[in-house]
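A.B. asks:
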DNA sequence: TAAATACGTGCCGTTACCTCA
DNA sequence: CCTGAGGTAACGGCACGTATT
């Protein structure tokens, strides 16, 4: 930072400034307090750091980008783990369904809304799109969903709203299933 | 009041430079 | 010494909000 030349207009190749440790520390400290700067704060910080306001501005832009990237990576890791646990849960439930079918015993909590009698295990099916266990074979349009809903963390909601992947969208749209 | 213009700012994608293994 | 990868300061362009005409 010692050699801070003002070769901005026109030709000469841009030299790249390395911020000193102290400058970085102060910028980080300021970033912790607020992620954006108003013109007055920018000016004051630039003065304090002996940098141009534009450099402070650029640093904050890049810093915001870095922190967003980090956040995205963390969300990605979280979703991977979440996916893994859901897959495992799904496997367990499918096994359970198979066992119940084999025993031909209906789960005690699943009652027919019409006859008020327990439904046979053979009426249990797994919806291929939303992977919920449902009871079928009832009267027209009265399919009853009996699975426990998985609480959707806000982090996933945030990500899906940001990313909007087809997989997530189709999963959301299958909620009406 | 609405439209046109200017200006400031943030974000995004990219480039260029620097450091280090 | 050379080289490729990774980190990051800096840039240009676009979108958006606000003030002014």
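In our numbering, the protein residues as written are 2 to 178. We put the CB at the ideal spot given by N, CA and C, even for glycine. No experiment lies behind these values; they were computed from the predicted model shown.
What's the C-alpha gap between residue 52 and residue 26?
C.D. replies: If you take the alpha carbons of residue 52 and residue 26, they lie about 14 angstroms apart.
A.B. asks: Could you name the residues of the same chain whose beta carbon sits closer than 7 angstroms to that of residue 31, not counting the 5 residues immediately before and after it, in chain order?
C.D. replies: Cβ within range, chain order: 46.
A.B. asks: Assess contact between the region 59–71 and the region 33–45, defined as three or more Cβ pairs (one per stretch) separated by less than 8 angstroms. Is contact present?
C.D. replies: As far as the Cβ criterion goes, the region 59–71 touches the region 33–45, which means the pair count is three or higher.
A.B. asks: Give the single residue among 89, 22, 75 whose Cα lies nearest to the Cα of residue 50.
C.D. replies: The option with the nearest alpha carbon to residue 50 is 22.
A.B. asks: Under DSSP, the alpha helix (DSSP H) around residue 65 begins and ends at which residues?
C.D. replies: Segment 54–104, the alpha helix (DSSP H) holding residue 65.
A.B. asks: For residue 17, count neighbouring Cβ atoms within 10 angstroms of its own Cβ and tell me buried if that reaches 16, exposed if not.
C.D. replies: Classification for residue 17: exposed.
A.B. asks: Which residues mark the beginning and the end of the alpha helix (DSSP H) in which residue 26 is found?
C.D. replies: Segment 22–34, the alpha helix (DSSP H) holding residue 26.
A.B. asks: Taking 9 angstroms as the threshold (C-beta atoms), are residue 69 and residue 57 in contact?
C.D. replies: No, the pair does not count as a contact, with Cβ atoms beyond the cut-off.
A.B. asks: Which of the three DSSP states, helix, strand or coil, is assigned to residue 43?
C.D. replies: Helix.
A.B. asks: Rounding to the nearest angstrom, what Cα-Cα distance links residue 41 and residue 88 in this structure?
C.D. replies: Computed Cα separation, rounded: 52 angstroms.
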